[in-house]
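Peer 1:
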Amino acid sequence: MSRYTAAEIESKWQQAWTRSETFKAVRDVSKPKYYVLEMFPYPSGKLHMGHVRNYTMGDVIARYKMSTGHNVLHPMGFDAFGMPAENAAMAIGGHPKEWTYSNIDTMVEQMKPLGLSLDWSRMFATCDPEYYGQQQSLFLDFLDEGLVYRKNAVVNWDPVDMTVLANEQVEGGRGWRSGALVERRELTQWFFKISDYSEELLDALETLDNWPAKVRLMQENWIGKSRGLQFSFERTDGADPIEVYTTRPDTLMGASFVGISPDHPIAKELEADNSELADFLAECRKGGTTEEAIETAPKLGYDTGITVKHPLNPDWELPVWIANFILMDYGTGAIFACPAHDQRDLDFCRKYDLPVVDTFLDLDAPKPVENEAFVPPKEQKVKWINHFAGLDEATGQDAIDATIDFAEKAGWGQGVTKFRLRDWGLSRQRYWGCPIPVVHCDACGVVPEKKENLPIELPDDVTLDVPGNPLDRHPTWRDCACPSCGAPAKRETDTMDTFVDSSWYFARFTAPRATTPTVAEDAAYWMNVDQYIGGIEHAILHLLYSRFFARAMHICGHLPETAKEPFDALFTQGMVTHAIFKNAERTDENGRAIYHYPAEVEERDGVTVVKETGEKVDVIPSAKMSKSKNNVVDPVDIITSYGADTARWFVLSDSPPERDVEWTASGAEAAFKHLNRVHRIATDVIASDAGNPNEDEALLREMHKAIRDVTLGVESFGFNASIAKLYAFTNALAKSKASSAAKRDATRVLAQLMSPMTPHLSEEIWQLLGGEGLIINAPWPVADEAMLVEASVTLPIQINGKRRAEISVPKDMPKEEVEKLVLAHEAVIRTLDGAQPKKLIVVPGRIVNVVI
RNA sequence: GCGGGCGUGAUGGAAUGGUAGACAUACCAGACUUAAAAUCUGUUGGGCGUAUGCCCGUGUGGGUUCGACUCCCACCGCCCGCACCA
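Quick note: the first sequence uses the numbering used here, first residue 3, plus one each step.
#1: Pull up the CB-CB distance for G576 and S657, whole angstroms please, since I reckon it's below 8 Å.
#2: Which residue wins for smallest C-alpha separation from A445, given the options P477, W434, N851, P485?
#3: So for Y57, helix, strand or coil by DSSP?
#4: Can you grab the Cα-Cα spacing for the pair V578 / F652, in whole Å?
#5: State the start and end residues of the unbroken beta strand (DSSP E) segment that holds C443.
#6: In chain order, what residues of the same chain lie with their CB nearer than 7 Å to the CB of H312, ignoring the 5 residues before and after it?
#7: Output the distance between the C-alpha atoms of M3 and L770, rounded to the nearest integer angstrom.
#8: Do you know offhand how far G289's Cα is from E173's?
#9: Measure the C-alpha to C-alpha separation of R805 and P379 and round it to an integer number of angstroms.
#10: Nearest to L735 by alpha carbon, out of V680, G775, R710, P761?
#11: DSSP three-state call for E523: helix, strand or coil?
#12: Three or more C-beta pairs under 8 Å: does that hold for the segment 163 to 177 against the segment 283 to 298?
#13: Enumerate, from N- to C-terminal direction, the unbroken alpha helix (DSSP H) stretches of 4 or more residues contained entirely within the segment 196 to 228.
#14: May I ask you to list the residues that DSSP assigns as paired with R176?
#15: Between which two residues does the beta strand (DSSP E) containing R493 stretch?
#16: In the DSSP output, what is Q232 paired with across the bridge?
#17: Can you list, in chain order, the residues of its chain with a C-beta nearer than 7 Å to that of V844? Leave out the 5 residues immediately preceding and following it.
#18: Identify which residue in E664, K195, F80 has its Cα closest to the Cα of E147.
#19: By a C-beta neighbour count over all protein chains shown, 10 Å radius and 16 as the cutoff for buried, is R430 buried or exposed?
#20: Return the chain-ordered ranges of every beta strand (DSSP E) run that is complete within the segment 379 to 405 and spans a minimum of 3 residues.
#21: Rounded C-beta distance between Q171 and D503? I'm assuming under 8 Å.
#22: So the candidates are I799, D496, G117, K675; which of them puts its Cα closest to the Cα of I458?
#23: If you compare alpha carbons, which of L834, N223, P98, L75 is closest to I542?
#24: If H762 sits next to W15, beta carbons under 8 Å apart, how far is it from one beta carbon to the other, in whole angstroms?
#25: According to DSSP, is A269 part of a helix, a strand, or is it coil?
#26: Please report how far the alpha carbon of M627 lies from the alpha carbon of R750, in whole angstroms.
#27: Measuring alpha carbon to alpha carbon, tell me which residue in A586, W213, W19 is nearest F573.
#28: Between the C-alpha atoms of N802 and V830, what's the straight-line distance to the nearest angstrom?
#29: In its own chain, which residues sit with a C-beta less than 6 Å from the C-beta of V38, not counting the 5 before and 5 after it?
#30: Pick from E604, D636, V635, P637: whose alpha carbon is nearest that of V621?
#31: Are D647 and L677 touching if we call contact CB-CB under 7 Å?
#32: Take N585 as the anchor and find which of H556, P568, K631, E704 has the nearest alpha-carbon.
#33: DSSP three-state call for D305: helix, strand or coil?
#34: In this structure, what does DSSP give as the bridge partners for L167?
#35: Flag this pair as yes or no: are the beta carbons of E792 and I777 separated by less than 7 Å?
#36: Does the segment 550 to 569 come close enough to the segment 154 to 173 to have 3 or more Cβ pairs within less than 8 Å?
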């Protein structure tokens, strides 16, 4: 009897697949195509368990689809531009390019032993000039179509390092290297006109039936369609009126003040000759640019001294305040505040002693607002106070509609639909990204580069030892001829947001070596991505940008109309986590917690301790794997000790795919034991003689149930359920007394059902048991409906909703007869004690409930 | 702050509104073994009871229903995103 030697088996079958080019995707109109894609990785240099889980899921789908007669495209690439490469160059020297490509080599070497069904011939990295050159070409096409433009936008500015900071580089409002307080600063930058597509991107969400509802909801909220009232407050000093936008015009009678953003033109105008105000605005401009930083900053206000007239009552004057929580990007950058029905406004008014006026009260508990704003759902009916349009009891929504209507008729306001979605700023003041292919010419202004000059390649001779963009300080790279007039000119040194790179890579995979961004026949054949798999952290930005890009590429003729929604189905998988072992008895010399590696601790009498010292350890379960917490499990180690099939089996087995899975040594061990067991069963089947000649119908039934349930699990991302079923089937097979021929057939089916998860072991068993060709090319088993039908069912009998007994009845026994049987049941008679049941509920084939 | 999600035995988790705890881990017991490992078999939500059995139990509190892990409301805790991280 041979033992299960994963390393041998896995390399043998990987070679077999490579030899026969099993996973090479070739256009073939005679077969239905299937495009499965996992979000491509950033080349950090180390494959982690999250990658293994992500790619294994995709691989299960890809292999299953191959077995069901599909022509599968399953590619892999690298999202290779970005800050970590620059950070590494700064920290350890070297060049981002070398760092990145060497990491890619390492990761490919780590990925290959997983036995993924990838078409490696299509691989590319976004930092390949062949890729980003095509991206520059797309940018120029977008420019032609008016999909890109320039405007001013705010960035994080480090006043000490004199450089732009990413949000990630701002820690607690300070620059991560200099420690200086971060300021907000305006720069001229490039923008994609994604906001023009707000309505379309919103409406099309409804067509994405195979996307998680939560992702669609998050995108819907992000796009943020709202209907509100736009109108102006006349200034008492006769200057230009202040235009505001509000989604709650119904609360106009509760207005307390008019608020404008610190970036509002009026604020900037007043700043010029008011040093106190200038100081206040400088204070407001401190801190990061994230919405979170702005929303959670302490509320600050400044009374401008300007007053405005209430539109419904010219005698009612409202003060104009500058408030730091008002965003210039949304609406008109000016609001009116209604503190009674908005907590933020209320806090502000209490702080600055501004009036609070109720406009409506709770029907059930009418009491004036004190320190908690009354903010009922818009659908809730409320009691109105002195409403100008005569409302008494009405919902907020009715009042909003009535107010808009009223304002439009009276002519002082207009109902307006607005979106929260802002245009996508793509300029980055960094080296390791795709250069924006434009030239700045003194005579011609901003001029697009000629397509024949693409790719505009990044220079290799740069240094990153000082802050700032090395392209700016390069001695010659900026110098070029103006594409328009030919005079000496300067290249743009900003590069593109890495989100641009990942917004069309899925389309590039359909023709990765083409000299145009895409090729019509390939795009038409392979698009759309039938199944896209990735982390929930990409629910909004990456997916929304990709949806926009697909539309923009369609406009420029690079994608067919049908690819405007590029991802037919989306699945968001959970993380792989691992316990953290934190020393409970001491910290390091700097007072920081000490984290122990899993190998350093053990359990003694139910307490986890450090092996060497016996110190107690706090176990924090299920935490994100992190280098600093010493809880990272390296897939390479697992593959070395157990094999890829074990790693694959485990990451699929213990949790539903959308949820986090905790990596445990015992779980990995269990997976390994199971694969050993299956291998043993297969070798035993061959070794045994004819054995018991009896057929085992129970085993056959179990097999057909397994076929049905495993298939269902694979098709619906219930991989954990598929695996549970495979355990059950394996148990049945191990216990079966069937003939060896019958067991051989069942074992072959077991190998097939396991093959998407454990492809190497399955190929091996298939070969051992005399299967023809490769298991990957064998058709997927089909369940025999006749074997799935049970003749009788067990009906639980509930009394008042609690299970008390059960009866076994023929599957299609009429209700009346079931009722008779139930009433005659000993437990029911005992409980009824002569009384009549109030009600008898029989759900055929399901349950019986006796209500007494 | 805003938006989204999650919460079930010792542990990971299963359960179209219909027997809560499938499957696995861990633990315990047994078989095999000189012994251990491996393997195989069995037990295991908590409590009461000799027992037929009874009571409690899906984060907390309410509600809808013949029946709620599942639907509704409120609360608590944890996680993800917030536009320059990828």
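Each residue gets a CB set at the ideal place from its N, CA and C atoms; glycine is no exception.
For clarity, every value in this text was computed on a predicted model and none was experimentally measured.
Peer 2: By the coordinates alone:
#1: Looking up residue 576 in the first sequence gives position 574. Looking up residue 657 in the first sequence gives position 655. Going by Cβ atoms, the distance from G576 to S657 rounds to 7 Å, so yes, they are a contact pair.
#2: Residue 445 sits at position 443 when you count from the first residue of the first sequence. It is P485 whose Cα lies nearest to the Cα of A445.
#3: Translated into the one-based positions of the first sequence, residue 57 becomes position 55. Helix.
#4: Taking the first residue of the first sequence as position 1, residue 578 is located at position 576. Taking the first residue of the first sequence as position 1, residue 652 is located at position 650. So the two alpha carbons sit approximately 11 Å from each other.
#5: Position 441 of the first sequence, counted from the start, is the residue given in the question as residue 443. Here the beta strand (DSSP E) through C443 covers 440 to 443.
#6: Translated into the one-based positions of the first sequence, residue 312 becomes position 310. Same-chain partners within the cutoff: A257, W318, L320.
#7: In the first sequence, counting from the first residue as 1, residue 3 sits at position 1. In the first sequence, counting from the first residue as 1, residue 770 sits at position 768. Residue placement at M3 cannot be trusted, given a pLDDT of 48 that sits under 50; what the coordinates show is reported in the next sentence. So the alpha carbons of these two residues sit roughly 12 Å apart.
#8: Reading the first sequence from its first residue, position 287 is the one you call residue 289. Reading the first sequence from its first residue, position 171 is the one you call residue 173. Approximately 10 Å, taken between the alpha carbons.
#9: Stepping through the first sequence from its first residue, residue 805 is reached at position 803. Stepping through the first sequence from its first residue, residue 379 is reached at position 377. Taking the straight line joining both Cα atoms gives about 41 Å.
#10: Against the first sequence, residue 735 aligns to sequence position 733. Comparing Cα-Cα distances from L735 to each of V680, G775, R710, P761, the minimum goes to V680.
#11: In the first sequence, the residue the question calls residue 523 occupies position 521. Three-state DSSP puts E523 in a helix.
#12: yes
#13: 200 to 205, 215 to 225
#14: Sequence index remark: in the first sequence, residue 176 carries index 174 (1-based). Answer is E173, L183, bridged to R176.
#15: Here residue 493 refers to the residue found at position 491 of the first sequence. Start and end: 490 to 493.
#16: Numbered from its first residue, the first sequence carries residue 232 at position 230. Paired residue(s): Y247, Q416.
#17: The count along the first sequence starts at 1 and reaches residue 844 at position 842. Only residues of its own chain outside the window of five on either side were considered, and among them K817, V820, E821, V850 have a CB closer than 7 Å to the CB of V844, listed in chain order.
#18: Taking the first sequence and counting its residues from 1, the one referred to as residue 147 is at position 145. Selected option, being the one with the closest Cα: K195.
#19: Within the first sequence, residue 430 is the residue found at index 428, counting from 1. Under this definition R430 is a buried residue.
#20: 383 to 386, 395 to 397
#21: Mapped onto the first sequence, residue 171 falls at position 169. Mapped onto the first sequence, residue 503 falls at position 501. The Cβ separation is near 20 Å, so there is no contact.
#22: Taking the first residue of the first sequence as 1, we reach residue 458 at position 456. For the residues I799, D496, G117, K675, the minimum Cα distance to I458 belongs to D496.
#23: As a first step, residue 542 must be located in the first sequence, where it is residue number 540. Here the closest residue by C-alpha is N223.
#24: Reading the first sequence from its first residue, position 760 is the one you call residue 762. Reading the first sequence from its first residue, position 13 is the one you call residue 15. The C-beta separation of H762 from W15 comes to about 5 Å, placing the pair in contact by the 8 Å criterion.
#25: In the first sequence, counting from the first residue as 1, residue 269 sits at position 267. Reduced to three states, the DSSP call for A269 is helix.
#26: Here residue 627 corresponds to residue number 625 of the first sequence, with the count starting at 1. Here residue 750 corresponds to residue number 748 of the first sequence, with the count starting at 1. Going from the Cα of M627 to the Cα of R750 covers about 38 Å.
#27: The sequence position of residue 573 within the first sequence is 571, counting from 1. Its Cα nearest to that of F573, the residue W213 stands out among A586, W213, W19.
#28: Here residue 802 corresponds to residue number 800 of the first sequence, with the count starting at 1. Here residue 830 corresponds to residue number 828 of the first sequence, with the count starting at 1. In a straight line, the C-alpha of N802 is about 11 Å away from that of V830.
#29: The sequence position of residue 38 within the first sequence is 36, counting from 1. Cβ within range, chain order: G60, I63, A64, H76, Q533.
#30: Here residue 621 refers to the residue found at position 619 of the first sequence. Taking only the C-alpha atoms, the option nearest V621 is E604.
#31: Indexing the first sequence from 1 puts residue 647 at position 645. Indexing the first sequence from 1 puts residue 677 at position 675. Yes; because the gap between Cβ atoms is below 7 Å, this pair is in contact.
#32: The residue labelled residue 585 in the question sits at position 583 within the first sequence. Looking at the Cα atoms, K631 is the closest of the given residues.
#33: Indexing the first sequence from 1 puts residue 305 at position 303. Strand at D305.
#34: What you label residue 167 is simply residue 165 of the first sequence in a count that begins at 1. Answer is N158, bridged to L167.
#35: On the first sequence, residue 792 is found 790 positions in, with the first residue counted as 1. On the first sequence, residue 777 is found 775 positions in, with the first residue counted as 1. No, these two residues do not count as a Cβ contact at 7 Å.
#36: Using a C-beta cut-off of 8 Å, the segment 550 to 569 makes no contact with the segment 154 to 173, since fewer than three inter-stretch Cβ pairs fall below that distance.
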